[in-house]
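Position one of the sequence shown corresponds to residue 1 (the UniProt record's numbering), numbered consecutively onward.
Where is the CB? At the ideal position from N, CA and C, for every residue including glycine.
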Amino acid sequence: MISKFKAITKGSRIIDQIFRELLIILKTQKGLTELKLAHYIRRQAKQLGAQDMAFPPIVAFGKGSGQVHHFPTNARIAKNNFLMLDYGVKINGYCSDFTRTLFLGRPKTIHEKIYNIVLKSQLAAIKKIVPGTFSDQIDFAARHIINRSGFGPYFTHGTGHGVGKKIHEPPSFKTNTNDKLTRNLIVTVEPGIYLPNKFGVRIEDMVLVLNQPKVFSKIPKDFPSIIIKA
Numbered sequence: 001m002i003s004k005f006k007a008i009t010k011g012s013r014i015i016d017q018i019f020r021e022l023l024i025i026l027k028t029q030k031g032l033t034e035l036k037l038a039h040y041i042r043r044q045a046k047q048l049g050a051q052d053m054a055f056p057p058i059v060a061f062g063k064g065s066g067q068v069h070h071f072p073t074n075a076r077i078a079k080n081n082f083l084m085l086d087y088g089v090k091i092n093g094y095c096s097d098f099t100r101t102l103f104l105g106r107p108k109t110i111h112e113k114i115y116n117i118v119l120k121s122q123l124a125a126i127k128k129i130v131p132g133t134f135s136d137q138i139d140f141a142a143r144h145i146i147n148r149s150g151f152g153p154y155f156t157h158g159t160g161h162g163v164g165k166k167i168h169e170p171p172s173f174k175t176n177t178n179d180k181l182t183r184n185l186i187v188t189v190e191p192g193i194y195l196p197n198k199f200g201v202r203i204e205d206m207v208l209v210l211n212q213p214k215v216f217s218k219i220p221k222d223f224p225s226i227i228i229k230a
């Protein structure tokens with residue numbers, strides 16, 4: 001029986017492969033919609049060896065990305081806004097989870113500012129993913145940066161959660177929780193800022209709890225890397 005670590009590692013490799021393929025599609029194809037990309041994610045997951053999706057894929061462009069849980073529609077993937085891709089697969093019953101937010105076209109200063117606040121928030125929280133840290137400390141590390149930037153009211157969910165046979169397992173990274181992280185636990189770190197009717201940014205990685213936390217995905221997330229120029 002494949003171990004949890006090996007299953008989630010394989011799931012992460014499939015996630016990364018699908019993401020790289022999506023980048024090519026977004027750069028070369030016209031007339032794409034949220035639903036088309038969501039269907040592509042599902043098909044490729046099965047083709048690459050996943051048993052199933054861990055949850056329905058989120059593909060959210062523009063205003064849709066300003067919703068925490070957006071259901072893909074026939075909205076066209078256009079230009080000059082963010083495209084959020086949040087999906088995960090199941091391998092041997094174990095779930096995986098991942099989010100990247102791309103920018104299509106020419107970003108404005110506000111787009112870069114919001115994105116980098118979220119990235120800074122996520123990186124700060126990941127540094128805390130070590131044995132013995134309490135779950136509310138993880139949440140505080142991420143939330144403090146977003147609060148200090150003035151966008152606290154627009155970070156409307158927990159900073160992350162455990163992942164395993166279920167997509168959401170303990171611990172839960174929220175205020176006033178006191179679960180203690182243990183070695184080799186696998187968790188997500190996923191802060192976000194959501195501006196209603198404008199756009200949203202979420203960056204999510206699965207992380208292995210070690211003295212030096214290990215991020216599963218190899219997909220870059222610095223701002224220049226997520227821009228797809230029109």
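**Prompt:** Of all the options 109, 181 and 192, which has the alpha carbon lying nearest to the alpha carbon of residue 144?
**Reply:** As a working mapping, residue 144 is identified with position 144 in the sequence shown. The shortest C-alpha separation from residue 144 is found at 192.
message: The beta strand (DSSP E) that contains residue 205, what's its start and end?
response: Counting from one through the sequence shown, the residue named residue 205 turns up at place 205. Per DSSP, residue 205 belongs to the beta strand (DSSP E) from 205 to 208.
Between the Cα of residue 92 and the Cα atoms of 214, 2 and 216, which residue gives the shortest distance? Counting from one through the sequence shown, the residue named residue 92 turns up at place 92. Considering only alpha carbons, the answer is 2.
Tell me whether the region 177 to 188 and the region 3 to 21 touch, counting them as touching only if at least three CB pairs, one residue from each stretch, are closer than 8 angstroms. With a cut-off of 8 angstroms on Cβ pairs, the region 177 to 188 is in contact with the region 3 to 21, counting three or more such pairs.
*asked:* Pop quiz: residue 167 and residue 54 are said to be a contact at Cβ under 8 angstroms. What is the actual Cβ separation, rounded to whole angstroms?
replied: The residue you call residue 167 lines up with position 167 of the sequence shown. The residue you call residue 54 lines up with position 54 of the sequence shown. Yes, residue 167 and residue 54 are in contact; Cβ-Cβ is about 5 angstroms, under 8 angstroms.
Could you pull the DSSP bridge partners for residue 8 from this structure?
As a working note, residue 8 is residue 8 in the sequence shown. Answer is none; residue 8 lacks a bridge partner.
What do you reckon, are the CB atoms on residue 152 and residue 173 nearer than 8 angstroms?
-> In the sequence shown, counting from the first residue as 1, residue 152 sits at position 152. In the sequence shown, counting from the first residue as 1, residue 173 sits at position 173. No, the Cβ-Cβ distance between residue 152 and residue 173 is not below 8 angstroms.
Open item on the list: In this structure, how does DSSP classify residue 39 when only helix, strand and coil are distinguished?
Closed with: Here residue 39 refers to the residue found at position 39 of the sequence shown. In the three-state reduction of the DSSP assignment, residue 39 falls in the helix class.
- In terms of residues, what are the limits of the alpha helix (DSSP H) holding residue 121? By 1-based counting over the sequence shown, the position of residue 121 is 121. 109 to 127 is the extent of the alpha helix (DSSP H) around residue 121.
If contacts are defined as beta-carbon pairs under 8 angstroms, then residue 67 and residue 60 qualify, I think. What distance do you get, rounded to the angstrom?
Position 67 of the sequence shown, counting from 1, holds the residue named residue 67. Position 60 of the sequence shown, counting from 1, holds the residue named residue 60. Residue 67 to residue 60, Cβ: 7 angstroms. Contact.
- prompt: Helix, strand or coil: how does DSSP classify residue 141 here?
  reply: Counted from its first residue, the sequence shown places residue 141 at position 141. In the three-state reduction of the DSSP assignment, residue 141 falls in the helix class.
Exercise for review: Give the straight-line distance between the Cα atoms of residue 72 and residue 22, rounded to the nearest whole angstrom.
Suggested key: Mapped onto the sequence shown, residue 72 falls at position 72. Mapped onto the sequence shown, residue 22 falls at position 22. Distance between the alpha carbons of residue 72 and residue 22: 15 angstroms.
Problem - residue 154, enclosing beta strand (DSSP E) - first and last residue - result: Taking the first residue of the sequence shown as position 1, residue 154 is located at position 154. According to the DSSP assignment, residue 154 belongs to no beta strand (DSSP E), since it is labelled neither H nor E.
task: May I have the straight-line CA-CA distance separating residue 204 from residue 123, to the nearest angstrom?
output: The sequence position of residue 204 within the sequence shown is 204, counting from 1. The sequence position of residue 123 within the sequence shown is 123, counting from 1. Using only the alpha carbons, I get a separation of about 10 angstroms.
Exercise for the section: Assuming residue 65 contacts residue 200 (C-beta within less than 8 angstroms), just tell me the rounded distance between them. Expected result: Position 65 of the sequence shown holds residue 65. Position 200 of the sequence shown holds residue 200. The Cβ separation is near 4 angstroms, so the contact holds.
Within 10 Å of its beta-carbon, does residue 69 have 16 or more other beta-carbons around it, so buried, or fewer, so exposed? As a working mapping, residue 69 is identified with position 69 in the sequence shown. Exposed, because fewer than 16 other Cβ atoms sit within 10 Å of the Cβ of residue 69.
Would you mind sorting residue 136 into buried or exposed? The rule is 16 or more other CB atoms within 10 Å of its CB.
Sequence index remark: in the sequence shown, residue 136 carries index 136 (1-based). Around the Cβ of residue 136, a 10 Å sphere holds 16 or more other Cβ atoms; the residue is buried.
- Query: Roughly how many angstroms lie between the CA atoms of residue 158 and residue 15, to the nearest whole one?
  - Reply: As a position in the sequence shown, residue 158 is number 158, starting the count at 1. As a position in the sequence shown, residue 15 is number 15, starting the count at 1. Answer to the nearest angstrom: the Cα atoms are 22 angstroms apart.
Taking DSSP's pairing of strands, which residues face residue 149 in a bridge? Along the sequence shown, read from residue 1 onward, the residue named residue 149 stands at position 149. Its beta-bridge partners do not exist; DSSP assigns none.
Cβ of residue 163 within 8 angstroms of Cβ of residue 121?
-> Here residue 163 is taken as the residue at index 163 of the sequence shown, counted from 1. Here residue 121 is taken as the residue at index 121 of the sequence shown, counted from 1. The Cβ atoms of residue 163 and residue 121 do not sit closer than 8 angstroms to each other.
Q.
Can you tell me whether residue 217 is helix, strand or coil according to DSSP?
A. As a position in the sequence shown, residue 217 is number 217, starting the count at 1. Residue 217: coil per DSSP, three-state reduction.
Minimum C-alpha distance to residue 170 - residue among 19, 99, 134 and 154: Residue numbering aside, residue 170 sits at position 170 when the sequence shown is read from its first letter. Looking at the Cα atoms, 134 is the closest of the given residues.
(request) Give the straight-line distance between the Cα atoms of residue 94 and residue 181, rounded to the nearest whole angstrom. (result) Here residue 94 corresponds to residue number 94 of the sequence shown, with the count starting at 1. Here residue 181 corresponds to residue number 181 of the sequence shown, with the count starting at 1. The alpha-carbon separation between residue 94 and residue 181 amounts to approximately 19 angstroms.
So what does DSSP say about residue 16, is it helix, strand or coil?
-> Translated into the one-based positions of the sequence shown, residue 16 becomes position 16. Residue 16 falls in the helix class under three-state DSSP.
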